[in-house]
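Add 401 to the 1-based position in the sequence shown for the numbering used here, that's all there is to it. Down below is the structure, laid out as structure tokens.
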Amino acid sequence: MGFLSRLFGQRQQESTPVEPVYYKDFAIFPEAIAENGQYRVAGRITREINGEMKEHRFIRSDVLSNRGSADELMVNKAKMFIDQMGEKIFS
402 MGFLSRLFGQ RQQESTPVEP VYYKDFAIFP EAIAENGQYR VAGRITREIN GEMKEHRFIR
462 SDVLSNRGSA DELMVNKAKM FIDQMGEKIF S
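This is the structure we're talking about:
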């Protein structure tokens, strides 16, 4: 039972709603992934285009010691990506 409760417990944690950061009509959702006591930079960028919600998910190689730092780095990288690619993110 311990294995199953840990497995389902992790899924509950991951499903906690994340408050988006809005930048240039894009919504950035930082969603760091816990890995071996550290956090991998990950998340998604969304935007409504022509009435359709588009989404781009990504996982970076960066790993940091706490979730807050990983989420902050994700938002900064997402903003740079938006500046460079604009709506082409979803192509």
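Note that CB positions come from ideal geometry on N, CA and C, so glycine has one too.
- Counting only residues of its own chain and dropping the five nearest sequence neighbours on each side, residue 472 has a CB closer than 6 Å to the CB of 431, 433.
- In this structure, residue 461 sits near residue 442, with a CB-CB distance shorter than 8 Å.
- Per DSSP, the beta-bridge partners of residue 444 are 431, 459.
- Residue 465 is bridged by DSSP to 440.
- Sequence-distant Cβ neighbours of residue 467 in its own chain, meaning closer than 8 Å and more than five residues away, are 440.
- Within the same chain, and ignoring the five residues on either side of residue 422 in sequence, the residues whose Cβ sits closer than 6 Å to its Cβ are 429, 476.
- In terms of Cβ geometry, residue 446 and residue 427 form a close pair [threshold 8 Å].
- Taking 8 Å as the cut-off, the Cβ atoms of residue 482 and residue 455 do not count as close.
- Taking C-alpha positions only, residue 469 is separated from residue 489 by approximately 28 Å.
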